[in-house]
Structures are given as structure tokens and as C-alpha cells.
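Here the structure is laid out as C-alpha cells; the discussion comes afterwards.
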Amino acid sequence: MSFFKKLKEKITGQTDSVTEKFKNGLSKTRESFVSKMNDLVSRYRTVDEEFFEELEDLLISADVGVNTVMELIDDLRGEAKRQNIKDAKDIQPLISEKLAERLQKDDSENALNVKEDEMTVILFVGVNGVGKTTTIGKVAHRFKEEGKSVLLAAGDTFRAGAIEQLSVWGERVGVDTIKQQEGSDPAAVMYDAIQAAKSRQVDVLLCDTAGRLQNKVNLMKELEKVKRVISREIPDAPHEVLLVLDATTGQNALSQAKTFSEATDVSGIALTKLDGTAKGGIVLAIRQELDIPVKLVGLGEGMDDLQTFDAEQYVHGLFADLVNGEEDDEEETST
Amino acid sequence: MAFEGLAERLQGTLDKIRGKGKVTEADVKEMMREVRLALLEADVNFKVVKQFVNRVKERAVGQEVMKSLTPGQQVIKVVNDELKELMGGEQSKINVADKPPTVVMMVGLQGAGKTTTTAKLANHLRKDHNRKPLLVGADVYRPAAIDQLETLGKQLDMPVFSLGTEANPVDIAKQAMEEAKANHNDYVIIDTAGRLHVDEELMEELENIKAVTEPEEVLLVVDAMTGQDAVNVADSFNNQLDLSGVVMTKLDGDTRGGAAISIKAVTDTPIKFAGMGEKIDALEPFHPDRMASRILGMGDVLSLIEKAQTDVDEEKAKELERKMRSNDMTFDDFLEQLSQVKKMGPLDEILGMMPGANKMKGLKNAKVDDKQLAHIEAIIRSMTKEERDNPSVLNGSRKKRIARGSGTSVPEVNRLLKQFNEMKKMMKQMSSMQKGKKKGGGLNLPFM
Chain A
1 MSFFKKLKEK ITGQTDSVTE KFKNGLSKTR ESFVSKMNDL VSRYRTVDEE FFEELEDLLI
61 SADVGVNTVM ELIDDLRGEA KRQNIKDAKD IQPLISEKLA ERLQKDDSEN ALNVKEDEMT
121 VILFVGVNGV GKTTTIGKVA HRFKEEGKSV LLAAGDTFRA GAIEQLSVWG ERVGVDTIKQ
181 QEGSDPAAVM YDAIQAAKSR QVDVLLCDTA GRLQNKVNLM KELEKVKRVI SREIPDAPHE
241 VLLVLDATTG QNALSQAKTF SEATDVSGIA LTKLDGTAKG GIVLAIRQEL DIPVKLVGLG
301 EGMDDLQTFD AEQYVHGLFA DLVNGEEDDE EETST
Chain B
1 MAFEGLAERL QGTLDKIRGK GKVTEADVKE MMREVRLALL EADVNFKVVK QFVNRVKERA
61 VGQEVMKSLT PGQQVIKVVN DELKELMGGE QSKINVADKP PTVVMMVGLQ GAGKTTTTAK
121 LANHLRKDHN RKPLLVGADV YRPAAIDQLE TLGKQLDMPV FSLGTEANPV DIAKQAMEEA
181 KANHNDYVII DTAGRLHVDE ELMEELENIK AVTEPEEVLL VVDAMTGQDA VNVADSFNNQ
241 LDLSGVVMTK LDGDTRGGAA ISIKAVTDTP IKFAGMGEKI DALEPFHPDR MASRILGMGD
301 VLSLIEKAQT DVDEEKAKEL ERKMRSNDMT FDDFLEQLSQ VKKMGPLDEI LGMMPGANKM
361 KGLKNAKVDD KQLAHIEAII RSMTKEERDN PSVLNGSRKK RIARGSGTSV PEVNRLLKQF
421 NEMKKMMKQM SSMQKGKKKG GGLNLPFM
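Take a look at the structure:
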């Protein structure tokens, strides 16, 4: 059975609405990527060096990053030789298989670490403008839907309007926001929020932080302190540290993941703005080099356009047209 | 820095060439491969890279590189020249309408930094051009976007026009024009909502705002960390709105910023400004030539020099220099120097701008701690006037007192004394080296 068939069977078990969201959210990404892919395959009858060179370009155009692409291409080249693949069309499923394989090692790793009988604390970190506050709003909505009680901590005390922005999200979703004045110490806000969360016995505490560029040493230290305060008050918290990453970001995302991990021990990535034409391929490099899994993806502006990341869904979203195309072919041959 | 610059990348190939009599075409090909990879790692769009490398290759295979005795430097020079040419000259002027007010529209993706840049630009127009801008909050979608602009307006003490989040952005823009005319504002800067370039409905809204305000400038605000997709974004915005310029934001980060090249190549629109920090005055003219060397990983010497020139008090610098040369520098002078350096910004930022700083062994991963500076300051401030003028009087008990007074330890005091003496020695050597040479500029900072 071909990889696409397997992929399809696996996801038909999941709700259609989820698949639909991935498909719609990724439609722009897919259109450009797949049309290029089809174009590439149709122009090259045989798998030769030039084919691989163009494939290299295609993957680079998805921001996968030079090193990861080179390694992937080498892998494919070897595999094509071993399996004696000559037709460009036959190598397509191999490409997506390799991609999915690199993104996800097992199914459980993409789930958020949520405590059942005690409070779960999630810390959101990232550079400026990636969508931390919006992502928190969406995550809060999700937990609320699951029937959990949620509290927000307005830890971005620096950017003008950030506290209001989180509060508006809180009101929208129907959860409270613990806040202090603009300019106050973010660690103090966290301390307050934890005390409030404890006394109210909420299930989930979501902590916002100010966006900061990873090369600002003092700001990274401030972030370390914020995390330290949380861990001091609740020993195994934060249970998740999510690095929010803008899908349009290029190679710098790797440096972001590295530096934020050093400071706060990042446990997962929330990849935002995937509903544009950007592909966020740098998550492949991050997975390869730092072994940080993607946990959430933002696929739109709506409150429930945040999904748990699923590599197969993601690759399916990227290659949906190819899956259907291949099926047509198979039907043709069987008749 | 996560990625190697072009110079480091070329090193391997150059090592091979060294010792060979001449550079072959195969060598050039290999070098071009390194150029390609360096540019791709800097996030320059792959199509742009392809065209670019072909151009460089033509020049390289033609006489310039192959006949050169220093092929590596020649390649870098050719790449640098071509990059500079591609990036065009400096154009940081904001157009002025024949009849005021001049309208500037800020557009871009979500999170690029439009609102912050709007405030920075207004500050720039007032400070450097004596203008009286009106800020317009037309982002009715993102929660608290208008609050953000209003807070920034308050900080700047500048008027912000908005009609709340229920109003239509086109109406807001229209009424803002009336408001500006009534209040004699000569500039109107419209902060629009972030949107995806593929969102047809919202892109149309921008076209409508443009139609009713007839802006002199439509500025695309782009995050410098943007990857390969920058070309799609810039192309869509340019096709629909006919951009007049670009502002690159977050350039104070450690990204190479190859998106700048992609955007320039695709839109042929000048990049006018660079966002260099979170403070409201952190907007600088965009220097294409410096961007070229940044993308190639060659440091930003010029920026550093300029930063030093604007931030350091020239009089004091001259006096310091005189003292350094005459070798009668005291701890008070040293303290003065420290405060000058501190004015230039966080130390790691300054280091990041020095070429080769990321190559120096100890410095490669050095996180410069500004707190150390604070310690040094505390130690010096705990000294008496006599001790500062003549550090040789410092004995054990004096050192103990200083350590206690500054909250540090005797070893720390000793370390500072040693550094200070070494610096003095170095200064002496340097000034004797310079003797006879004509003196230009006049900057001697402890780290240079």
C-alpha cells in the first residue's frame, strides 16, 4: 500500500472537522507547494541530479533550512538508488514519508502535558509579534470548552496595550486575567497569579510574557526569573513551556529555539500563522537539531483555529492534492 | 550566531586553493556554491539567490577573481559589490505632499511591528523634521491595538485619532483627514490592521483606505526575521497597493536579514528605515551597504562607528584621549569612559556589530553581562578621591574597605586594578605607535 493510502486511512479515523481545518488552513500553503511539486514532477520524467537540485530548492523555499534539506536529499538519493526508483512520480510518496518521519517520532509527544488532579501551569515565550497573546486566548478557549477552569496571567508588562489585549481575550473566552500595571515586575505578576490560581483552585494557569529578541541577554535573564518564580511556588511547574513561533520566520527560528530553550527549557512549539503562504519548514530543522516537538498550530484568526499538531495531518495538508491525484491514477489502472 | 558568515564558508575552499598556482573554473564553481549556501542561510529567497549567483559567477569567471592573488577576498568583494548594487542607495526620506497633510499608510502582516513603527516614525518626523503628525488607529480587529497606539501617543504627547473598534477602518481614515486639516497636522500616519496578503477581503479594505486618503507613502512593515515567504508577501502587497517603501523591523536581533534583499529584488522599492529596538527612538535610516555586510556576516563596523559618534560626548572624548596619551588617566576618567560606553547601548549589542567578534574564541559565545559594568562602577565609586587619582596607594585595608563599600570582594577589586593597569599600559603602547601618524577622528574606547 502506498504511503498516501496509509496516511489517508489513518486520518479517516479522526473527525472530519479537524481534517477540514487543516485542509482549509493550509490551503494557501498547499496550493503553492503542491503546484510546484506537480510542476517539478511533470517536468522531470526521470530522477536525476537536476531533479534533486530542484527538489532542494523547493524544500528550501519552505524554509526547511540548508542543512536539513541537504541531509534529507542525501537520504532520498540513497533510498532512490536502493529501491531503484527511476520515475519522478514514484519518489513523491517517499518524500512525504521522510518529511513526516522527521517531524514526529511517536503520537503521544504532541499532546500538552496536562495534569489531571492538580493545577497545570503553561508558560508562553517567544520573540515580539509571533502571536503569544492570541495563542493564549485560543488555548484558554480550548480548555474552557473541555470544561476546565482557566486563569490568565498578564506577564507582558512591557509592551503598550499588551495587558489590555490579554484582558480582552479573557473577556471573550470568559476567564479572569490577573494583572498589574504596565511596567511592573513580570515575576511579581506571576507570583500573584499563582497565589490567585491556588486559592481559586483553577485547573489551568496560562502565563503570558513580553516578546523579546533572544539576543537580549538581560531580557532572557528576566524570563529565567519568571520561570524560577513559578517553579518555586509550584515545584514541578511550569508543566509546559511553549515557544510561540511565527511560521513566516526563516532560519532565525533555530536560534530562537536554541536560546529560549537555554533560558526556559522549552518543551514544545506553537507554530502560528500557518494560514498564509508560509510553510514553517524550519520546525523540521528545530526537530532535527534540538528535538523540540511542535505541539500546537495556529491555522486562522478564529477562536478555535488552534489545533494539536499532527505530523501526518500536516503532511496530508501539504500534499492533499497529491493524495487525491494518486488515487485517481490507481482507479484508472484498476479499471 | 548560529550561522557562518560568507568569509568562514569560503575558508575551506580557499585553503584548498592556497598553494595552487591559479584558480580554476572548478574552484570558482565551488566558491559559488558557498556563496549560494551563505545567502540561503541568511534567508535570501532561493530564486533571488540563483539570479544573484549567476551574476557573481560571470564576474568571477571573467578576469576579476581568477587572475587575482587573493581570490577569496575578490569573491567577497564581488559579492559585496553586487549586493550593494542590488540594494540600491540610501533613501530614508519620507515624501511630502504638495498640499498638507502628507498621508503615510503603514501596512503588513500581523506581528510585523506596525503600531510600534507608527509611533517611532511619528517621533522621527517631529524630532528630526519638526513636523506635527496625527496618529490614526485603524486596526479595529486586534484586541487592544488602538489602546496600544493611544498609550504610545500619550508617551509621545501626540494626538491619536480613533473611532473605537466598532467603526469601519475606511471611515476612520476619512474622518482622520478632516481632523488633521482642522488641527493643522502636516502628517497623518495610519496604523492599519495586520493581515495576510492572501486575505482578499482585508486587502481590499486597504485599497479603499488608500483611495480615500491618497497617501504619499505606503510603507510595508516587514519583520527582518522573515524567511523565504518574504517575496510572496512583498509581491502581493506591492501589486495591490503600489508600495512606496519598506521598513525592516527587529533588526536589533541576531537575524542576518536576507529578506531585505528578497524584497528589494522583487518589489524594487527602497527600504527606508530600520527598527533597532523597543524604545520609541529606535528607528534608524536604513543603510543598504551595511545590510550587505550583515547578510554576509561581516559585522557592522560603520554602524558601530556612527553609534559611537552620536552617543559619545565629543568634548569629553577628546579630553579623555589626551589623558590616555599622556598616560595620566585616573579612575575618574575610567568611570567617565564607562558611562560613555553604556550610553551606546547594551554591550553585547555593541560587540555584535564588531566584525570578527563572533569569530574570536572567547567572544564567540560570550554573553556580556552589563551587571559587571555595574560592579566596576560600584567599586570605583567606593574609592576616595585620592585613591581614584592615584591607585598605587591602595593597600590591603583600603581594598577591604572598598570591597565592603561596593558589595563586592577583594579579588574583584584586585581584578579591576589589574585590568586598569593593563589598559594604561596598552594605551601607552598605542599612543607611541600612533605618534607621527596624523590623527583623525578621535575615539578611543576601552574595547576598541
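Top line first, the protein sequences correspond to chains A and B.
Heads up: the first sequence begins at 1 in UniProt numbering, then just goes up one per residue.
Heads up: the second sequence begins at 1 in UniProt numbering, then just goes up one per residue.
Here a beta-carbon is modelled for each residue, glycine too, at the ideal position from N, C-alpha and C.
Note that the structure is a prediction, hence the values are computed from the model and not measured.
Distance between residue j and residue i (C-alpha atoms, nearest Å)
i, j, result
"B:D333", "B:E377", "12 Å"
"A:E101", "A:D310", "11 Å"
"B:A292", "B:K77", "11 Å"
"A:T277", "B:N232", "8 Å"
"A:E233", "B:G258", "43 Å"
"B:F52", "A:T249", "22 Å"
"B:M248", "B:A224", "6 Å"
"A:W169", "A:E79", "49 Å"
"B:L135", "A:A160", "15 Å"
"A:S167", "A:D208", "11 Å"
"B:M32", "A:G211", "38 Å"
"B:M87", "B:R415", "47 Å"
"B:G297", "A:L213", "19 Å"
"B:R388", "B:A274", "42 Å"
"B:T408", "B:L394", "16 Å"
"residue 453 of chain B", "B:A112", "Summary: the structure shown does not reach residue 453 of chain B, with chain B confined to residues 1 through 448, and so no result is reported for it."
"A:E240", "A:L219", "20 Å"
"B:L83", "A:D63", "22 Å"
"B:G356", "B:K132", "The predicted model places B:G356 with a pLDDT of 46, which falls under 50 and marks its position as unreliable; any figure quoted below should be read in that light. Approximately 43 Å, taken between the alpha carbons."
"A:A237", "A:L254", "25 Å"
"B:N183", "A:A154", "37 Å"
"A:L284", "A:L103", "6 Å"
Cβ-based neighbour list, residue i, same chain, cut-off 7 Å, excluding 5 preceding and 5 following
i, result
"B:K400", "V410"
"B:M383", "F331, I402"
"B:P100", "D186"
"B:M360", "Here the model assigns B:M360 a pLDDT of 46, short of 50, so the residue's position is not dependable, and the following value carries that caveat. Cβ neighbours of B:M360 beyond the five flanking positions: none."
N-terminal and C-terminal residue of the alpha helix (DSSP H) that residue i is part of
i, result
"B:M32", "25 to 41"
"B:V107", "Per DSSP, B:V107 belongs to no alpha helix (DSSP H); it is in the beta strand (DSSP E), 102 to 107."
"B:D235", "230 to 241"
"A:I194", "186 to 200"
"B:A265", "259 to 267"
"A:K138", "132 to 145"
"A:V283", "282 to 290"
Assigned exposure category for residue i - 16 Cβ within 10 Å defines buried
i, result
"A:E235", "Position check: residue 235 of chain A holds Pro in this sequence, whereas Glu was assumed. Burial call: exposed."
"A:V315", "buried"
"B:E386", "exposed"
"B:S262", "buried"
"A:D117", "exposed"
"B:M74", "Position check: residue 74 of chain B holds Gln in this sequence, whereas Met was assumed. The residue is buried, with at least 16 neighbouring Cβ atoms inside 10 Å."
"A:D265", "exposed"
"A:T177", "buried"
"A:L290", "exposed"
8 Å Cβ cutoff, residue i in contact with chain A
i, result
"B:M276", "no"
"B:G111", "yes"
"B:V48", "no"
Where the beta strand (DSSP E) through residue i begins and ends
i, result
"A:I122", "120 to 125"
"B:M158", "Element bounds for B:M158: n/a, residue is neither H nor E."
"A:Q307", "306 to 308"
"B:K272", "271 to 275"
"B:V212", "Here B:V212 belongs to no beta strand (DSSP E); instead the alpha helix (DSSP H) covers 200 to 213."
"B:M248", "245 to 249"
Any chain B beta carbon closer than 8 Å to residue i
i, result
"A:E53", "no"
"A:I60", "yes"
"A:N206", "Before going on, a small fix: residue 206 of chain A reads as Leu here, not Asn. No, no contact with chain B."
"A:K225", "no"
"A:D106", "no"
"A:G161", "yes"
"A:I282", "yes"
"A:K273", "yes"
"A:A109", "A small correction: the amino acid at residue 109 of chain A is Glu; Ala does not occupy that position in the sequence shown. A:E109 does not count as touching chain B."
"A:V315", "no"
"A:L130", "Per the sequence presented here, residue 130 of chain A reads as Val, with Leu not at that position. It does; some Cβ of chain B falls within 8 Å."
Heavy atom of the ligand MN within 7 Å of residue i beta-carbon
i, result
"B:R290", "As for the ligand MN, it is missing from this structure, which has no ligand bound."
Other residues of its chain near residue i: CB distance less than 6 Å, five sequence neighbours each side excluded
i, result
"B:N57", "Before going on, a small fix: residue 57 of chain B reads as Lys here, not Asn. So the qualifying residues of the chain are M32."
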